[in-house]
Amino acid sequence: MKIQTPFYLLNLIVVVIILLVLRAGQFLSANTDDDFFQCLLLKSDNATLISQVVYSPNNISYTSVLQFSINNLRFTSPSTQKPRYIVTPVDESQIQTVVYCSKKHGLEIRMRSGGHDFEGLSYVSQVPFVILDLINLRSITVDTQTATAWVQAGATLGELYYAIAQKSQHLGFPGGVWYALGLGGHVSGGGYGAMMRKYGLAADNVVDAQFINVHGRILDRKSMGEDLFWDIRGGGGSSFGIILSLKIKLVPVPETVTVFSIDRTLEQNLTKIIHKWQQVAPKIDNDLDIRVLMFSIVNPSTGNRTIRATFDTLFLGGINRLLPLMQEEFPELGLTKEDCTEMSWIESVVVGSSFTDGEPAEVLLNRTAMPKNSFKGKSDFATHPISEDGFEGIWKFYNDKIEAGMALLVLTPYGGKMDEIPESAIPFPNRLGTLYMIEYLVVWDGDETSPHISWIRNLYTYMASYVSNSPRTSYLNYDDLDLGVGKTYQEASSTWGVNYFKNNFDRLVKVKTMVDPGNFFKREQSIPTKS
């Protein structure tokens, strides 16, 4: 008679073997003295499998795994605190094990889906920590019958858009323009894109979620309750637990959309055009998004520095409807038929991600195409038009070629659907009354920070009288530690808490206190508890 060894006993045997190898100094993926790794092996359903997705500084792949999703080179210097371990789970049970062992051994968790947060908070900490990198959790299931999709948190927006287009040419999703963003972080912070004026934020279009709480339980919308479901759609999911996947509502897109990208400089009356843009872009047809990207360049004709603005546009319709609309509402831009190109929605996504027109949609699946630099960013929301004199002051900052480095100013129009959604619908509060969002970005080579960070802080100070106030609001996904750092309610409520969330902050704190009273999920700007 053949006797079968129970599975749990086989797993225990594997654990013992691995631990013996550890003690012999032959296992390169872990620190031999670390109880955390041993905990992972003992608590995992499959010790062999989890050992293959754990990386310590002793592992030859540790540095490459760490740096793969670091997109801000400010945080790659030798002095930057590194994680004790990186775990790249392949299933939910491994995440549950990481949560248990991190709590047991006093390690904080940093969740990383795309690694694009401005301050590196998904892969940097000042205390001992573990990176939970969701890069292997990226499955996407599109249901065209219900116009929904289940998307795991480690998928990129490009992977999502590509998957949708493979199933339907008439559906899309109102997420971000940049294809390489990780879905989990993007959506949980709000998530805006070129269809925001038509359909709202990415987070406005989430209808269900799979989520692991501080106790390691997997919850969906029904079992987590509406309060927690509200929190993770714009309040930053990493403050409350770990988002595994999101069920999103897909939106209709026409068979043909139109894009154009027009450059204007100061010598072409840019200041007056931008001043008029403020009045037009938030009020024009909801099918039209006119984003403005501004740089300082050298005018080849004069040799002097000037400002170049690119009016980067998506219109959900054809040229024949767009041209009369622009000629009536915004003739100052001087749009012609030759400036416009008709294409499918997925082709517009490729172009919007800075790929060349005509490249196949498969380029959206490339996770390594994005250039990496050091950068510092900030954000504002304009609630009234900036005067022409105000813009002239901005130009002076951007024409400082020494301190400005490679600087970018992005204006994203609001209005449309954003005006219709209440401020309290989700934690993201900037709705009716917001004309446009401002993104400030300065980029440089190397990890030296001066004088570029001083430059962007001075620009931010200059802008104070031209943007929202009481509070001066900022966008969570453009995290900015200059707004304040603090893990207590008292510290957060008087600084960054109201900057990001306005009146929604206290509701976030109330739910956080209920679902994570020990404040296990925390970082420099996470939602605090309140006793």
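Residues 1 to 531 in UniProt numbering are what the sequence shown spells out, letter by letter.
Don't be surprised by glycine CBs; every beta carbon is placed ideally from N, CA and C.
No experiment lies behind these values; they were computed from the predicted model shown.
The straight-line gap separating the alpha-carbon atoms of I109 and Y123 is approximately 9 Å. The beta carbon of W345 sits closer than 6 Å to the beta carbons of G172, V253 and V257 from its chain, once the five residues preceding and following it are set aside; these are given in chain order.
Taking the CA atoms as reference points, E329 sits about 47 Å from Y489. Burial of E159 is indicated by the presence of at least 16 other C-beta atoms within 10 angstroms of its C-beta. Where W444 is concerned, the enclosing beta strand (DSSP E) starts and stops at Y436 to W444.
Counting along the chain, the unbroken alpha helix (DSSP H) around Q96 starts and ends at E92 to K104. N504 counts as buried, since at least 16 other C-beta atoms from the protein chains shown sit within 10 angstroms of its C-beta. If you keep only unbroken alpha helix (DSSP H) runs of at least 4 residues inside the segment 167-206, you get 183-188 and 196-199.
Counting other Cβ atoms within 10 Å of its Cβ, R217 stays below 16 and is therefore classed as exposed.
In the displayed model, R523 falls within coil according to three-state DSSP, outside both helix and strand. When only Cα atoms are considered, D133 and S44 end up about 17 Å apart.
By the 16-neighbour rule on beta-carbons within 10 angstroms, E347 is buried.
Between F428 and A202 the beta-carbon gap is near 10 Å, outside 8 Å, which marks them as no contact.
DSSP assignment within the segment 262-339 yields the following whole beta strand (DSSP E) runs of 3 residues or more, N-terminal first: 288-298 and 305-315. Take the alpha-carbon of M343 and the one of L325: they are about 19 Å apart.
Counting only the Cα atoms, G114 lies some 39 Å from N304. Beta bridge pairing from DSSP links Q81 with no other residue.
If only uninterrupted beta strand (DSSP E) runs of at least 3 residues are considered, those enclosed by the segment 383-428 are 406-413.
Between Y100 and A309, the alpha-carbon positions lie close to 50 Å from each other.
The beta carbons of V511 and D227 sit closer together than 8 Å. According to the DSSP secondary-structure assignment, N373 is paired through a beta bridge with N72.
Pairing S387 with S468, the inter-Cα distance amounts to about 15 Å. Per DSSP, Q490 is one residue of the alpha helix (DSSP H) stretching across Y489 to S493. Annotation for Q152: the continuous beta strand (DSSP E) segment containing it runs T148 to Q152. Membership of M463 in any beta strand (DSSP E) is not indicated, and neither H nor E is assigned to it by DSSP.
Exposed is the label assigned to H384, since fewer than 16 other Cβ atoms lie within 10 Å of its Cβ.
Beta-bridge pairing by DSSP links R110 to I131.
Put simply, the segment 364-372 does not touch the segment 449-459. Fewer than three CB pairs are less than 8 Å apart.
Nearest neighbour of F260 by Cα position, chosen from K276, V142, V206 and I319, turns out to be I319.
For Y55, the secondary structure class from DSSP, reduced to helix, strand or coil, is strand. Taking C-beta atoms as the reference points, V214 and D482 fail to come closer than 8 Å. Looking at D117, L335 and V90, the one whose alpha-carbon comes closest to that of F75 is D117.
Note on geometry: alpha-carbon atoms of L364 and E420 lie some 32 Å from one another.
Annotated as distal: L408 and F520, with beta-carbon spacing of 8 Å or more.
Residue state for Q145 is assigned as coil, using DSSP reduced to three classes. Secondary structure of S470 (DSSP, three-state): coil.
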